[in-house]
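Counting from 1, position 49 in the sequence shown corresponds to residue 1205 in our numbering; the numbering is continuous, with no gaps.
Please read the structure below before turning to the comments.
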Amino acid sequence: MLKRLVSLRDLKADWDSYDAMPPSPIALEKSVGFARRVANLFWYVAGDRAWPMSVSPLPNGGVEMEWQGHSSLIAVDVAPDETWGYLRKTGSGRDVQYEEGTELTEAQLLPLIAGVLIPRF
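Put into structure tokens, the structure is as follows:
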């Protein structure tokens, strides 16, 4: 997954043909560091799931990383201005719930990711 993150630096402006900006160097740097931190913290209980299952560029020059648990998912975004946000999905069908937040710190995101990776955290 780190290779995928690093490969995003090769994207050029208009990579999506809708005038998207390439991921900013700071968004890439923060994303790589955060993905490593999450993997280091949760590898012993989550194994490979401690690494993001998906990494995507965002049109604003940010980066999105997704972690998936048994019944939940969290997408974490880092913007070019170093702001962090998330969208968490829990449950399924009629019981599905969504929660989102913006302007969080990396430290505030860690327990949210733990709740996805570690059941009953």
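Note that beta-carbon positions come from the ideal geometry of N, C-alpha and C, so glycine has one too.
Candidates the options: closest to residue i by CA position
{"i": "V1194", "options": "P1179, A1176, W1223 and D1237", "result": "W1223"}
{"i": "A1176", "options": "I1269, A1231 and L1164", "result": "L1164"}
{"i": "S1228", "options": "S1248, T1239, M1221 and E1238", "result": "S1248"}
{"i": "N1216", "options": "G1203, A1270 and D1172", "result": "D1172"}
{"i": "E1259", "options": "A1169, D1170, D1204 and D1237", "result": "D1237"}
{"i": "K1186", "options": "W1240, P1267, P1275 and R1250", "result": "W1240"}
{"i": "R1192", "options": "M1221, G1257, D1170 and Y1174", "result": "M1221"}
{"i": "Y1254", "options": "I1230, G1271 and A1270", "result": "I1230"}
Residue i burial status per 10 Å Cβ neighbour count (16 or more: buried)
{"i": "D1233", "result": "buried"}
{"i": "K1159", "result": "exposed"}
Proximity test, residue i beta-carbon vs the ligand GTP heavy atom, cut-off 7 Å
{"i": "G1241", "result": "Ligands in the displayed structure: none, and consequently the ligand GTP is not present."}
Test item: CB-CB of residue i and residue j under 8 Å
{"i": "P1181", "j": "V1219", "result": "no"}
{"i": "P1213", "j": "L1265", "result": "no"}
{"i": "F1198", "j": "L1273", "result": "yes"}
{"i": "V1188", "j": "L1161", "result": "yes"}
{"i": "A1263", "j": "A1183", "result": "no"}
{"i": "H1226", "j": "P1267", "result": "no"}
Ordered list of beta strand (DSSP E) runs contained in the region 1199-1270, each at least 3 residues: 1210-1213, 1219-1224, 1228-1234, 1240-1246 and 1253-1260
Touch test, the region 1194-1214 against the region 1237-1250, Cβ-Cβ under 8 Å, three pairs minimum: no
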